[in-house]
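Peer 1: After the structure tokens below, expect a handful of questions from me.
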Amino acid sequence: MKRENEPRLFGIFGYPLSHTLSPAMQEAAFSRLGLKAFYLAFEFNPSEFTRALRGLGHFLLDGFNVTVPYKEKVIPFLDRLSPEAKAVGAVNTVYREGRKWVGTNTDIYGFLTALRRAGFNPKNKKVLMLGAGGAARAAVYGLASQGASEIRIANRRPERARKTARDFQIFFPKAAFTILPLSDERLKNSLKEMDLVVNATSVGLAPGDPVLVSKGLIPKATRRKRILFFDLIYSRRTSFLKAARSRGHKTLGGLTMLLYQGANALELWTGRKAPVDVMRRTLIQSLKAEGNSIGTEKFKKWTRR
Ligand SMILES: NC(=O)c1ccc[n+]([C@@H]2O[C@H](COP(=O)([O-])OP(=O)(O)OC[C@H]3O[C@@H](n4cnc5c(N)ncnc54)[C@H](OP(=O)(O)O)[C@@H]3O)[C@@H](O)[C@H]2O)c1
């Protein structure tokens, strides 16, 4: 157990981790709250991660985040999961409860808060989810819990889409879950009917990535129908969002989600209200320092209190 005046230690586990903005964002928040606390990036390969987590009982950490590829792998090492993390099957935030380690999923809160900030209410809406990995499952859980009426899931490996649909249909019997292939024709037909389209795949992270939804598949926006296209990727302006925008639709990048999942994690660790303004300013500054100014104007608008 730590003494009262000892610094508190937090961190993130992932592989690779070179792109993470979380240390800067969290340390700026600790500093604003007057906390003596640090947040470190642990870029551990799979065997280093397993070795480290076997020693969880002796960790000096007070809490931590987990990112790709460890959001599922961390689960067997924890004492308890929140109901959301259990349903999603992925953990991105771990906190202490006495001597126990509890895993939860603040991506759900981050995703839903980003939608709310963009003026989108999922109730009775139709959604196309591209992807069936950890982030997609968190987003599907969030959407269904907020009353989305129909969720179509398209994934490269269709069995993962089927599993996601099956798992959540049990939790949310009122929503209609269907799966569809990632084929141009089927996507084109679906896109016309959607209120929200989410890219929860990692396609678009790298500059040379293939185009997941080409411009030609997206119907032109009309005065009565504008779809919201949400890409969870936050490090670049993706071709997915560029195509949607060029057809007149609304777009949302992943930065707002990143901010609010982090704010939620900080509140669980410290019991204090997250200084969201400081965190968002730090994200913008960190991206600018990397020569990246993706969508920060909209991000500023949607995250201003
Ligand atoms: N903004 C935020 O706060 C936030 C939070 C979490 C995640 N994210 C972003 O969300 C994305 C997904 O993360 P995750 O944690 O869900 O990762 P994940 O569990 O590894 O899932 C990756 C997804 O991408 C698909 N995919 C990968 N390569 C593909 C390709 N070449 N063609 C088609 N589909 C492909 C996978 O399909 P298969 O199932 O067929 O492999 C799977 O659906 C990442 O870009 C991540 O940065 C953002």
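Per the working numbering, the very first residue in the sequence shown carries number 13; after that it's consecutive. Even glycine gets a Cβ: it sits at the ideal position worked out from N, Cα and C. These figures come from a predicted structure and were not determined experimentally.
Quick one: any contact between the stretch 120-130 and the stretch 162-169, if contact means 3 or more CB pairs under 8 angstroms?
Peer 2: No, the stretch 120-130 does not touch the stretch 162-169.
Peer 1: Using 10 angstroms around the beta-carbon of residue 134, count the other beta-carbons present and answer buried if the total reaches 16, otherwise exposed.
Peer 2: Translated into positions along the sequence shown, residue 134 becomes position 122. The residue is buried, with at least 16 neighbouring Cβ atoms inside 10 Å.
Peer 1: Using a Cβ-based criterion (distance less than 7 angstroms to any ligand heavy atom), does residue 222 qualify as near ligand 1?
Peer 2: The residue labelled residue 222 in the question sits at position 210 within the sequence shown. Yes, Cβ of residue 222 sits closer than 7 angstroms to a heavy atom of ligand 1.
Peer 1: Between the C-alpha atoms of residue 231 and residue 243, what's the straight-line distance to the nearest angstrom?
Peer 2: In the sequence shown, residue 231 corresponds to position 219, counting from 1. In the sequence shown, residue 243 corresponds to position 231, counting from 1. Cα-Cα distance, rounded: 18 angstroms.
Peer 1: Once DSSP output is grouped into helix, strand and coil, what is the label at residue 245?
Peer 2: Taking the sequence shown and counting its residues from 1, the one referred to as residue 245 is at position 233. Coil.
Peer 1: Quick check: is any heavy atom of ligand 1 less than 7 angstroms from the C-beta of residue 119?
Peer 2: Here residue 119 refers to the residue found at position 107 when the sequence shown is read from its first residue. Yes, the Cβ of residue 119 comes within 7 angstroms of a heavy atom of ligand 1.
Peer 1: Given 7 angstroms as the limit, tell me if residue 269 has its C-beta closer than that to any heavy atom belonging to ligand 1.
Peer 2: As a position in the sequence shown, residue 269 is number 257, starting the count at 1. Checking the Cβ of residue 269 against ligand 1 gives yes.
Peer 1: Using the Cα positions of residue 29 and residue 53, report the straight-line distance between them to the nearest angstrom.
Peer 2: If you number the sequence shown from 1, residue 29 lands on position 17. If you number the sequence shown from 1, residue 53 lands on position 41. Straight-line Cα distance between these residues: approximately 7 angstroms.
Peer 1: Per DSSP, which residues does residue 239 bridge with? Please list them.
Peer 2: Sequence index remark: in the sequence shown, residue 239 carries index 227 (1-based). Residue 239 pairs with nothing; no bridge assigned.
Peer 1: Hey, residue 49 and residue 76 are a contact pair by Cβ (cut 8 angstroms); roughly how many whole angstroms apart?
Peer 2: Here residue 49 refers to the residue found at position 37 of the sequence shown. Here residue 76 refers to the residue found at position 64 of the sequence shown. Incorrect: roughly 12 angstroms between the Cβ atoms, too far for contact.
Peer 1: Less than 7 angstroms separating the Cβ of residue 296 from some heavy atom of ligand 1?
Peer 2: Locating residue 296 in the sequence shown gives position 284, counting from the first residue. No.
Peer 1: Where does residue 143 sit, in a helix, a strand or coil, going by DSSP?
Peer 2: The residue given as residue 143 occupies position 131 in the sequence shown. Residue 143 falls in the coil class under three-state DSSP.
Peer 1: Does residue 101 come out as helix, strand or coil in the three-state DSSP assignment?
Peer 2: Translated into positions along the sequence shown, residue 101 becomes position 89. Here residue 101 sits in coil by DSSP.
Peer 1: With H, G and I counted as helix, E and B as strand and the rest as coil, what does DSSP make of residue 262?
Peer 2: Start at 1 with the first residue of the sequence shown, and residue 262 comes out as number 250. Reduced to three states, the DSSP call for residue 262 is strand.
Peer 1: Suppose contacts are defined by Cβ-Cβ distances below 8 angstroms. Is residue 97 in contact with residue 117 by that definition?
Peer 2: Residue 97 sits at position 85 when you count from the first residue of the sequence shown. Residue 117 sits at position 105 when you count from the first residue of the sequence shown. It is a contact, given that the beta carbons lie within the stated cut-off.
Peer 1: Which residue wins for smallest C-alpha separation from residue 268, given the options 284, 294 and 259?
Peer 2: Translated into the one-based positions of the sequence shown, residue 268 becomes position 256. Checked all of 284, 294 and 259; the closest Cα to residue 268 is 294.
Peer 1: As a quick exercise: from 37, 17 and 18, pick the residue whose alpha carbon is nearest that of residue 298.
Peer 2: On the sequence shown, residue 298 is found 286 positions in, with the first residue counted as 1. Closest option to residue 298, Cα to Cα, is 37.
Peer 1: So for residue 234, helix, strand or coil by DSSP?
Peer 2: Locating residue 234 in the sequence shown gives position 222, where the first residue counts as 1. In the structure shown, residue 234 sits in coil (DSSP, three-state: anything other than H, G, I, E or B).
Peer 1: Start and end of the beta strand (DSSP E) containing residue 26?
Peer 2: Residue 26 sits at position 14 when you count from the first residue of the sequence shown. First-last of the beta strand (DSSP E) with residue 26: 20-26.
Peer 1: For residue 180 and residue 153, I'd like the C-alpha separation in whole angstroms.
Peer 2: Taking the sequence shown and counting its residues from 1, one reaches residue 180 at position 168. Taking the sequence shown and counting its residues from 1, one reaches residue 153 at position 141. In a straight line, the C-alpha of residue 180 is about 7 angstroms away from that of residue 153.
Peer 1: Helix, strand or coil: how does DSSP classify residue 189 here?
Peer 2: Along the sequence shown, one-based indexing puts residue 189 at 177. Residue 189 falls in the strand class under three-state DSSP.
Peer 1: Report yes if the C-beta of residue 276 is less than 7 angstroms from at least one heavy atom of ligand 1; otherwise report no.
Peer 2: Within the sequence shown, the letter at position 264 stands for residue 276. The answer is no for residue 276.
Peer 1: With a threshold of 7 angstroms, establish whether the CB of residue 34 neighbours any heavy atom of ligand 1.
Peer 2: Numbered from 1 along the sequence shown, position 22 holds the residue referred to as residue 34. No, since every heavy atom of ligand 1 falls outside the 7 angstroms radius drawn around the Cβ of residue 34.
Peer 1: If residue 336 sits next to residue 258, beta carbons under 8 angstroms apart, how far is it from one beta carbon to the other, in whole angstroms?
Peer 2: Within the shown structure, residues of the chain are numbered from 13 to 317, placing residue 336 beyond reach of any answer.
Peer 1: Is residue 304 helix, strand or coil by DSSP?
Peer 2: Locating residue 304 in the sequence shown gives position 292, counting from the first residue. Three-state DSSP puts residue 304 in coil, outside helix and strand.
Peer 1: Looking at the secondary structure, which residues open and close the beta strand (DSSP E) in which residue 66 lies?
Peer 2: Position 54 of the sequence shown, counted from the first residue, corresponds to residue 66. Segment 58-66 is the alpha helix (DSSP H) holding residue 66; no beta strand (DSSP E) there.
Peer 1: Evaluate the contact criterion for the stretch 275-288 versus the stretch 107-121: three or more CB pairs, one atom per stretch, below 8 angstroms.
Peer 2: In short, these stretches touch, since the Cβ pair count reaches three.
Peer 1: Closer than 6 angstroms by C-beta to residue 89: which residues in its own chain qualify, once you throw out the five before and the five after it? Chain order, please.
Peer 2: Counted from its first residue, the sequence shown places residue 89 at position 77. For residue 89, where only same-chain residues beyond five positions count, the Cβ hits under 6 angstroms are 65 and 68.
Peer 1: Within its chain, find whatever has a CB closer than 6 angstroms to the CB of residue 122; leave out the 5 residues flanking it on each side and keep chain order.
Peer 2: Counted from its first residue, the sequence shown places residue 122 at position 110. Correct list, in chain order: 269, 272 and 273.
Peer 1: Just tell me which of 284, 45, 228 and 24 has its CA closest to the CA of residue 61.
Peer 2: Working through the sequence shown from its first residue, we reach residue 61 at position 49. Comparing Cα positions, the closest option is 24.
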